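Taking my numbering, the leading residue of the sequence shown gets 10, the next gets one more, and so forth.
Notes follow once the structure below has been shown.
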Amino acid sequence: MAAILSVSGSPSATSRTARLLRHLDDRLREQGHDVISLEVRTLPAEALLGADFRHPAVVAATALFEQVDGVVIGTPVYKAAYSGLLKSLLDLLPQYALTGKTVLPLATGGSTAHVLAIDYALRPVLSSMGAAHIVQGWFTLDKDITAGDDGTLTVAPGAAEALAQVTDQFSAALGGRTAGRTTVLAPVG
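Written as structure tokens, this is what we have:
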């Protein structure tokens, strides 16, 4: 199966975006993929803000992009665009860091007013970085994601079904198993 890098561009340690990505990572693992998680917020701020391409953490993150077949990019939406934290990482990657990769863009936000952020803000950047195939992404409303204090995650049924569908399409594009799977994501925990 494929190697996948799952990137959370959320600056928050208690991010719904990151928790949702980890939930989808589990689904991809069940389909036979190897998934590596990358929380951009754990990279050194001085390296990201100072555009230090040679910082060991940036070099290591760049190497992760090189080693995988597919990339899941998740971000909260702020002011109708992807997070500045995610932008700082993407700016440090080589121009064609996504060449030959299949990419699944995902976003979360508080209002449907930002639903087009994937297509108008994130997708053009991913395309300019050489992505071979950008599958249909998905925007999930914050209200549809409930994170429990115990680490459980519940996704509203309609959103769960849509997320399962785009995740399965991404998996299929990478050669993963999706047949016979239920389309509803069960709560984690």
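Positions of the beta carbon are idealized from the N, C-alpha and C atoms, including for glycine.
Here the structure is a predicted model, which means the values were calculated and not measured.
In the three-state scheme derived from DSSP, where H, G and I count as helix and E and B as strand, Tyr91 is classed as strand. Using a Cβ distance threshold of 8 Å, Ala140 and Lys96 do not count as a contacting pair. Distance from the CA of Ile82 to the CA of Leu99, rounded to the nearest whole angstrom, comes to 11 Å.
Taking C-beta atoms as the reference points, Val68 and Leu52 fail to come closer than 8 Å. Judged by DSSP in its simplified three-state form, Phe74 adopts helix. In the DSSP assignment, Phe179 falls outside any beta strand (DSSP E) and lies within the alpha helix (DSSP H) extending over 166–182. Arg50 is positioned such that its CB atom lies closer than 8 Å to that of Pro20. Annotation: Ser120 is outside any alpha helix (DSSP H) and is labelled neither H nor E by DSSP. The stretch 164–177 makes contact with the stretch 143–150; the number of CB pairs closer than 8 Å reaches 3 or more. The three-state reading of DSSP puts Ala106 in coil, since its state is none of H, G, I, E or B. Only residues of its own chain outside the window of five on either side were considered, and among them Leu30, Asp34, Val44, Ser46, Val81 have a CB closer than 6 Å to the CB of Ser15, listed in chain order. Bridge pairing for Ile13: Val44, Gly79 [DSSP]. Assignment of beta-bridge partners to Leu113 by DSSP yields Val81. The beta carbons of Gly79 and Val124 sit about 23 Å from each other, so the pair does not count as a contact at 8 Å. In the three-state reduction of the DSSP assignment, Thr149 falls in the strand class. In the structure shown, the three-state DSSP call for Thr23 is coil.
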